[in-house]
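Structure, as structure tokens:
Protein chains: 2
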Amino acid sequence: MAPRALDYESLNENVKKVQYAVRGELYLRASELQKEGKKIIFTNVGNPHALGQKPLTFPRQVVALCQAPFLLDDPNVGLLFPADAIAKAKHYLAMTTGGLGAYSDSRGMPGVRKEVADFIERRDGYPSDPELIFLTDGASKGVMQILSTIIRGESDGVLVPVPQYPLYSAAISLFGGSLVPYYLEETENWGLDVNDLRQSVAQARYKGITVKAMVIINPGNPTGQCLSEANLREILRFCYQENLALLGDEVYQQNIYQDERPFISSRKVLMGMGPPISKEVQLVSFHTVSKGYWGECGQRGGYFEMTNIPPKTVDEIYKVASVSLSPNVPAQIFMGLMVNPLKPGNISYEQFIRESKGIIESLRRRARMMTDGFNSCKNVICNFTEGAMYSFPQIRLPPKAIEAAKKAGKVPDVFYCLKLLEATGISTVPGSGFGQKEGVFHLRTTILPAEEEMPEIMASFKKFNNEFMEQYDDRSGYSRL
Amino acid sequence: MAPRALDYESLNENVKKVQYAVRGELYLRASELQKEGKKIIFTNVGNPHALGQKPLTFPRQVVALCQAPFLLDDPNVGLLFPADAIAKAKHYLAMTTGGLGAYSDSRGMPGVRKEVADFIERRDGYPSDPELIFLTDGASKGVMQILSTIIRGESDGVLVPVPQYPLYSAAISLFGGSLVPYYLEETENWGLDVNDLRQSVAQARYKGITVKAMVIINPGNPTGQCLSEANLREILRFCYQENLALLGDEVYQQNIYQDERPFISSRKVLMGMGPPISKEVQLVSFHTVSKGYWGECGQRGGYFEMTNIPPKTVDEIYKVASVSLSPNVPAQIFMGLMVNPLKPGNISYEQFIRESKGIIESLRRRARMMTDGFNSCKNVICNFTEGAMYSFPQIRLPPKAIEAAKKAGKVPDVFYCLKLLEATGISTVPGSGFGQKEGVFHLRTTILPAEEEMPEIMASFKKFNNEFMEQYDDRSGYSRL
Numbered sequence: 001m002a003p004r005a006l007d008y009e010s011l012n013e014n015v016k017k018v019q020y021a022v023r024g025e026l027y028l029r030a031s032e033l034q035k036e037g038k039k040i041i042f043t044n045v046g047n048p049h050a051l052g053q054k055p056l057t058f059p060r061q062v063v064a065l066c067q068a069p070f071l072l073d074d075p076n077v078g079l080l081f082p083a084d085a086i087a088k089a090k091h092y093l094a095m096t097t098g099g100l101g102a103y104s105d106s107r108g109m110p111g112v113r114k115e116v117a118d119f120i121e122r123r124d125g126y127p128s129d130p131e132l133i134f135l136t137d138g139a140s141k142g143v144m145q146i147l148s149t150i151i152r153g154e155s156d157g158v159l160v161p162v163p164q165y166p167l168y169s170a171a172i173s174l175f176g177g178s179l180v181p182y183y184l185e186e187t188e189n190w191g192l193d194v195n196d197l198r199q200s201v202a203q204a205r206y207k208g209i210t211v212k213a214m215v216i217i218n219p220g221n222p223t224g225q226c227l228s229e230a231n232l233r234e235i236l237r238f239c240y241q242e243n244l245a246l247l248g249d250e251v252y253q254q255n256i257y258q259d260e261r262p263f264i265s266s267r268k269v270l271m272g273m274g275p276p277i278s279k280e281v282q283l284v285s286f287h288t289v290s291k292g293y294w295g296e297c298g299q300r301g302g303y304f305e306m307t308n309i310p311p312k313t314v315d316e317i318y319k320v321a322s323v324s325l326s327p328n329v330p331a332q333i334f335m336g337l338m339v340n341p342l343k344p345g346n347i348s349y350e351q352f353i354r355e356s357k358g359i360i361e362s363l364r365r366r367a368r369m370m371t372d373g374f375n376s377c378k379n380v381i382c383n384f385t386e387g388a389m390y391s392f393p394q395i396r397l398p399p400k401a402i403e404a405a406k407k408a409g410k411v412p413d414v415f416y417c418l419k420l421l422e423a424t425g426i427s428t429v430p431g432s433g434f435g436q437k438e439g440v441f442h443l444r445t446t447i448l449p450a451e452e453e454m455p456e457i458m459a460s461f462k463k464f465n466n467e468f469m470e471q472y473d474d475r476s477g478y479s480r481l
Numbered sequence: 001m002a003p004r005a006l007d008y009e010s011l012n013e014n015v016k017k018v019q020y021a022v023r024g025e026l027y028l029r030a031s032e033l034q035k036e037g038k039k040i041i042f043t044n045v046g047n048p049h050a051l052g053q054k055p056l057t058f059p060r061q062v063v064a065l066c067q068a069p070f071l072l073d074d075p076n077v078g079l080l081f082p083a084d085a086i087a088k089a090k091h092y093l094a095m096t097t098g099g100l101g102a103y104s105d106s107r108g109m110p111g112v113r114k115e116v117a118d119f120i121e122r123r124d125g126y127p128s129d130p131e132l133i134f135l136t137d138g139a140s141k142g143v144m145q146i147l148s149t150i151i152r153g154e155s156d157g158v159l160v161p162v163p164q165y166p167l168y169s170a171a172i173s174l175f176g177g178s179l180v181p182y183y184l185e186e187t188e189n190w191g192l193d194v195n196d197l198r199q200s201v202a203q204a205r206y207k208g209i210t211v212k213a214m215v216i217i218n219p220g221n222p223t224g225q226c227l228s229e230a231n232l233r234e235i236l237r238f239c240y241q242e243n244l245a246l247l248g249d250e251v252y253q254q255n256i257y258q259d260e261r262p263f264i265s266s267r268k269v270l271m272g273m274g275p276p277i278s279k280e281v282q283l284v285s286f287h288t289v290s291k292g293y294w295g296e297c298g299q300r301g302g303y304f305e306m307t308n309i310p311p312k313t314v315d316e317i318y319k320v321a322s323v324s325l326s327p328n329v330p331a332q333i334f335m336g337l338m339v340n341p342l343k344p345g346n347i348s349y350e351q352f353i354r355e356s357k358g359i360i361e362s363l364r365r366r367a368r369m370m371t372d373g374f375n376s377c378k379n380v381i382c383n384f385t386e387g388a389m390y391s392f393p394q395i396r397l398p399p400k401a402i403e404a405a406k407k408a409g410k411v412p413d414v415f416y417c418l419k420l421l422e423a424t425g426i427s428t429v430p431g432s433g434f435g436q437k438e439g440v441f442h443l444r445t446t447i448l449p450a451e452e453e454m455p456e457i458m459a460s461f462k463k464f465n466n467e468f469m470e471q472y473d474d475r476s477g478y479s480r481l
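Chains as they are written, first to last, in full-length UniProt numbering: chain A, 1 to 481; chain B, 1 to 481.
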């Protein structure tokens, strides 16, 4: 009998090509071990609540009331909910067309999109148009929609940083386009060299690829760096010269751990450059409720904002968004609450500030603990995590370890991470899942384990690593940066 | 300057080809009129809460508690929430890996998938495997994922009913495949003739198309019919003979308005047919929390269940689902609550039954009011709505109306629906958005307006229609079925 439509050999080849290591072999093995009763520390994905981070109280109160609007008529409601949460719930319910159970407009509720626009204006100092802001089920869905709008086929290329969060490589594979890599410089704290970009574009064009867009992840995932204003200007000038749209993944904009390197949005820099660049460069910026000190990953809320995108294109994006009817409504309210937070004087303000400060300051300390911990290990070096939620240490694997990996039929960093998992329960993602230079090996961990557990985790890592290095030490030198 | 990446002329052509009338010209015009202050009755989309349907109290209590788990420790919680809602909230929170703020497994929480499998087993009498059930952000997302897995390019075809809910045509366009139409017979109460199917497949093959799958929507959207068991057997035998996967859109399985025509799932019929058919035909069935008497559209919850799909394919589908991390967690809990509802003896059982019965019985009466209303209008005939949420009356447009439409540059049924909208505020979708036979015209309305408003709406429709028919009556005959 001929293969059936959903037999493996009949499937869309682009689906087969997709790679997504964040939930790949390591994650699957970790899930197995967990089923067998082993304690696993899941640092493979930036999922703060899964590692014990508590949700912020106020937004949860508001969304709970929106889910149960009949409570608003209950005389006892004030015993469980503060007055400002009740007022905010009424504010958002009034924006819906029938509560959380009704589809919203496919771009999201106009009222929340207006609050997002106001937030962007306050942040950047330039007005933002709610009609150019679309709410999404998490930032990933927005990124995928924009990439599928851009990519026509394999001769369309998108510049993606290496190492990169593999959403980009996966989506480009799925939509049948070509990934054009540009390398971040580990020795320059994962900085971006525009000359290197130019070379990447030239090489791609030589192969007949039309390079249409460039992705930046700022703060970086998995690399944790924050781009400077000067660097962003260079990038935008480059996009102008090369006629590239810029996709700015800015989901970690609240996750900043170094005062000297604040987050600056691509849009602010673009607007500040003036015409012709500010009028010409097409920019789509992405944000989410999953990161920051919110960490509301499971709610799936995000937005994208479009700059210099012609109305006819916006209409096409709206049309395709309509096919999925609407982003989930509860997460739209989380987005509203995130961009339009409590103000001094509100009843819940002090608690909100205490909770959010507690989270961000702890993340800052954990970033430091983790980087320092890695740098104290044999054959491990790690740039400081300036932002985002990850450490991306380089692991200098001895030749004997590389040989042993080869014998086991594993990529060397996968081999290392699997051994780490079996020995310690720490579930990481091998650097090869993000891309890295030939012969150089990394792993990615989040900085999210609970602060009080961090010393033990880093000690357990160090013990494993040093034994591993001992075991494979052939005293004939290590793989080098 | 060359066109930029996101200028209209540079976009993915498949994006431009997508058509989605449910939120098309009519909807956009209705939104404009609403902004101008006109009262609009949105019957363009099956969105019950937007037209005043109240959410079921118990599931909302449970999800509200899950959003605000700190309430579970509050001594006053019992003043606002019944004990069974508190118990259920604890039940679902225990399934999460960190509450609603944590990503779940990309297939959805194992505990909820088990509850879905148990529901399917109770419904059909055959066991179901939770590992073959994936939760999704609404059924549409699941349909899109499966179609993108199947379609390799324009020579891959999918059989789709005409008229059809345009999710299917839109997704097939977006993924660059070919839609192979088969016609439902209006004079046979929108039944499906297998000989007609055979002809559609033969014609497609003659054009070089590999027909890989067939879509059925049961109960039908926009046509409202329920397929009989005999008809489902014929369809499954046909899929077996022609080597087609069957995609069963069963989102309206709880929306049944005629006792003689109950819903029967494709899976139950398939299992009942025995080998080889029951072991060979690949089936994917879709369900949702958006329809039934729940109508929780804005929460975006759904699932698909796979039958006879090989493990390697399931792995590929899992991998691609992972790229979007996880379906939203609150809607997963709604799904659990829907498939595993309250039982007699639970404190909230009586209220739950009263509320859900109230909704379904009112829908049944509204289906009757609407069909009867349409059939009392000049040049309008309408099959009875056996299931789902829609009426799909045929409008026999006089030649003078068709001419007037042509002059206005509009498709005739669009012309009619726009005039209806301007005159009455009733926002419908023209039949051309779903497909119909050449020269025959329809419109789709939901049966969702509040029951007490229904007489007035139907009177307003009748007045408009009869005036329209009067205006364009040239006494020289009408377009005919």
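All C-beta atoms in this analysis are idealised placements derived from N, C-alpha and C, irrespective of residue type, glycine included.
For clarity, every value in this text was computed on a predicted model and none was experimentally measured.
Practice task
Measure the CB-CB distance between Ala331/A and Gln299/A and report whether it falls below 7 Å.
Solution key: yes
Handout entry: Helix, strand or coil at Leu481/A according to DSSP, with G and I counted as helix
Key = For Leu481/A, the predicted model reports a pLDDT of 41, less than 50, meaning its position is unreliable; a value from the coordinates is still stated below. Leu481/A falls in the coil class under three-state DSSP.
Handout entry: For Asp84/B, the nearest candidate out of Leu100/B, Asp372/B, Ser106/B and Pro59/B (CA to CA)
Key = Pro59/B
Problem - At least three beta-carbon pairs within less than 8 Å, the stretch 367–379 of chain A to the stretch 138–149 of chain A - result: no
Handout entry: Cβ of Phe461/A within 7 Å of any chain B Cβ
Key = no
Practice task
Grab the span of the alpha helix (DSSP H) containing residue 484/A for me, first residue to last.
Solution key: Beyond the ends of chain A as shown, which are 1 and 481, falls residue 484/A; an answer cannot be given.
Exercise for the section: Return helix, strand or coil for Leu443/A, following the three-state DSSP convention. Expected result: strand
Exercise for the section: Could you confirm whether any beta carbon from chain A is found closer than 7 Å to the beta carbon of Tyr478/B? Expected result: For Tyr478/B, the predicted model reports a pLDDT of 49, less than 50, meaning its position is unreliable and no value from the coordinates is stated.
Exercise for the section: Can you give me the Cβ contacts of Gln351/B inside the same chain, cut-off strictly under 8 Å, excluding the 5 residues immediately before and after it? Expected result: Thr57 and Phe58
Problem - Contact set between Phe70/B and chain A, taken where Cβ atoms lie within less than 9 Å - result: Lys54, Pro55, Thr57, Arg60 and Gln61
Exercise for the section: Would you check if the stretch 175–186 of chain A and the stretch 240–247 of chain A touch, i.e. whether three or more CB-CB distances between them fall below 8 Å? Expected result: no
Handout entry: Cut-off 7 Å between Cβ atoms - residues of its own chain near Leu167/B, not counting five sequence neighbours on either side
Key = Ser140 and Val143
Exercise for the section: Leaving aside the five residues before and after Arg480/A along the sequence, list all residues of the same chain whose C-beta is less than 6 Å from its C-beta, in chain order. Expected result: Here the model assigns Arg480/A a pLDDT of 43, short of 50, so the residue's position is not dependable, and the following value carries that caveat. For Arg480/A, where only same-chain residues beyond five positions count, there are no Cβ hits under 6 Å.
Practice task
May I ask you to list, following chain order, the residues of the stretch 420–442 of chain A that have a beta carbon less than 8 Å from some beta carbon of chain B?
Solution key: none
Practice task
Would you kindly check if the distance between the Cβ of Thr149/A and the Cβ of Val15/B is under 7 Å?
Solution key: yes
Practice task
Check the Cβ of Gln299/A against every Cβ in chain B and list those closer than 8 Å, keeping chain order.
Solution key: Leu100, Gly101, Asn328, Val329 and Pro330
Handout entry: Proximity test, Ile217/B beta-carbon vs the ligand ATP heavy atom, cut-off 6 Å
Key = The ligand ATP is not part of this structure, which contains no ligands at all.
Problem - Asp193/B versus Arg233/B, Leu174/B and Gly111/B, residue with shortest Cα-Cα distance - result: Arg233/B
Practice task
Specify, as a first and last residue, the run of the beta strand (DSSP E) that Leu179/B falls within.
Solution key: Ser178 to Glu185
Problem - Beta-carbon proximity check, Leu448/B vs Pro163/B, cutoff 7 Å - result: no
Problem - Sequence-distant residues of the same chain with beta carbon closer than 6 Å to Gly477/A, five excluded per side - result: Residue placement at Gly477/A is flagged as unreliable, the pLDDT there being 49, under the threshold of 50; a coordinate-derived value is accordingly withheld.
Problem - Length of the line joining the Cα atoms of Arg29/A and Asn383/A - result: 28 Å
Practice task
Compare the C-alpha of Trp190/B against each of Leu174/B, Leu33/B, Cys226/B and Leu179/B and name the closest.
Solution key: Cys226/B
Practice task
Compare the C-beta of Tyr8/B with all C-beta atoms of chain A and state if any pair is closer than 7 Å.
Solution key: yes
Exercise for the section: Using DSSP bridges, identify the partner residues of Met306/B. Expected result: Val284/B
Practice task
Quick one: grab the DSSP three-state call for Pro127/A.
Solution key: coil
Practice task
Check whether the Cβ atoms of Thr307/B and Ser391/B sit closer than 7 Å, and answer yes or no.
Solution key: no
Exercise for the section: Spell out a yes or no on whether the stretch 288–299 of chain B and the stretch 248–260 of chain B are touching, meaning 3 or more CB-CB pairs, one atom from each, closer than 8 Å. Expected result: yes
Practice task
Return yes when the Cβ of Thr136/A is within less than 7 Å of the Cβ of Gly302/A, no when it is not.
Solution key: yes
Exercise for the section: Go to Val158/B, then tell me how far its beta strand (DSSP E) extends in each direction, as first and last residue. Expected result: Asp156 to Val162
Problem - Among Gly98/B, Pro399/B and Ala87/B, the one whose alpha carbon lies nearest that of Val329/B - result: Gly98/B
Practice task
Under 7 Å Cβ to Cβ from Leu100/B, same chain only, skipping five residues before and after it: list those, please.
Solution key: Cys66, Gln67, Val329 and Pro330
Handout entry: Chain-ordered neighbours of Arg4/B on chain A, where CB pairs are closer than 7 Å
Key = Asn243, Ala245 and Gln282
Handout entry: Nearest-angstrom Cα separation, counted from Ser322/A out to Ala64/A
Key = 27 Å
Handout entry: Which listed residue (Ile235/A, Gly46/A, Ala230/A and Ala202/A) has its alpha carbon closest to that of Val215/A
Key = Ile235/A
Problem - Residues near Met273/A by beta carbon distance below 8 Å, same chain, minus five either side - result: Arg233, Leu236 and Arg237
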